[in-house]
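This note's numbering puts the first residue of the sequence shown at 662, with every later residue one more than the last. Note that beta-carbon positions come from the ideal geometry of N, C-alpha and C, so glycine has one too. Quick caveat, the model's predicted, so the values are computed rather than measured. Taking it in order: structure first as structure tokens, then the write-up.
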Amino acid sequence: MQINFKDIIQITIITVVLSFIRYLFLDDYPILKTTKLAEANQVSDENNNLLMFIENLESPTLVDLKTAKLLYDNQLVTFIDARDSDSFKNQHIFSSINIPYDLIEQIESDYDLNYLIELNENFIINVKLDDYSFFIGLDNGDFYISKNIENIDNKSFANKNFIIYCSGHGCSLSEDLGFYLYNLGVKKILIYEGGIPEWINNKYPVSNE
Numbered sequence: 662m663q664i665n666f667k668d669i670i671q672i673t674i675i676t677v678v679l680s681f682i683r684y685l686f687l688d689d690y691p692i693l694k695t696t697k698l699a700e701a702n703q704v705s706d707e708n709n710n711l712l713m714f715i716e717n718l719e720s721p722t723l724v725d726l727k728t729a730k731l732l733y734d735n736q737l738v739t740f741i742d743a744r745d746s747d748s749f750k751n752q753h754i755f756s757s758i759n760i761p762y763d764l765i766e767q768i769e770s771d772y773d774l775n776y777l778i779e780l781n782e783n784f785i786i787n788v789k790l791d792d793y794s795f796f797i798g799l800d801n802g803d804f805y806i807s808k809n810i811e812n813i814d815n816k817s818f819a820n821k822n823f824i825i826y827c828s829g830h831g832c833s834l835s836e837d838l839g840f841y842l843y844n845l846g847v848k849k850i851l852i853y854e855g856g857i858p859e860w861i862n863n864k865y866p867v868s869n870e
């Protein structure tokens, strides 16, 4: 019987390849475990860096699209739209809250915000603007803004850190509102300069409701 070395080599190669593929999917395979671990650590490090970034904020700070989206995806901040209500209703970043800069002085006056904040006592008020409303609260020195009172009651981390945006580069409403709130005592404020145009251009979540 003549030995066909070509067949033997082919069978050997196939056996080795199949064994290696099977080995790849074993839980104990170190390469895959290391890769999974690295990915998990990367996500963890990213979150920790974002948290440190927020915790170290001392005044309104500009952020780019990448940082804004990371904070949005990780639900670490509340987005605030500083434009007028008509612009907000037309289109806005999904889940954002509309606080028109043009109305902030009226809101402060109507609800005695400055007085309440100076008292430094816990409070929650329901701010009503035509057919739109949201809640503002102070709890142990932390300033909260949310559509839902439960988020303030539960001291939601995202609802005490804020990214303010408007109509993009050249629009100063976000900075104006940011510094106004900062002077009221709100410290964790970010300004997203790219605003709604850049957000839409990148096909990120928006709403017109």
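Next item on the list: Name the two residues that bound the continuous beta strand (DSSP E) containing L807.
Entry: Correcting the residue identity first, residue 807 is Ser in this sequence and not Leu. For S807, the enclosing beta strand (DSSP E) stretches over residues 803 to 807.
Inset, instruction - Look up S794 in the DSSP assignment and give the residues it is bridged to. - result: Here S794 is bridged, per DSSP, to K789.
Query raised in the report: With C-beta atoms as the reference, is A819 less than 9 Å away from V724?
Result: Against a cut-off of 9 Å, the Cβ pair of V724 and A819 comes out as no contact.
Quick one: what's got a C-beta closer than 8 Å to Q752's C-beta in the same chain, skipping five residues either side? The residues are I857, I861, V867, S868, N869.
ask   = With a Cβ-Cβ cutoff of 9 Å, do L731 and L712 count as a contact?
value = Contact: no.
Worksheet entry | Other residues of its chain near F749: CB distance less than 6 Å, five sequence neighbours each side excluded | Closer than 6 Å at Cβ, skipping near neighbours: D742, N759.
For K864, count neighbouring Cβ atoms within 10 angstroms of its own Cβ and tell me buried if that reaches 16, exposed if not. It is exposed - the Cβ of K864 has fewer than 16 other Cβ atoms within 10 Å.
- prompt: On the three-state DSSP scale, how would you describe P866?
  reply: Three-state result, P866: coil.
Counting only beta-carbon atoms, is K789 nearer than 9 Å to chain C?
Considering every chain present, this structure includes no chain C. It has just one protein chain.
request  = Mind the definition here: the stretch 846 to 857 touches the stretch 827 to 834 only if three or more C-beta pairs lie below 8 Å; say whether that holds.
outcome  = Contact between the stretch 846 to 857 and the stretch 827 to 834 is present: 3 or more CB-CB pairs across the two stretches fall below 8 Å.
Opposing strand residues paired with F740 [DSSP bridges]
Answer is I824, bridged to F740.
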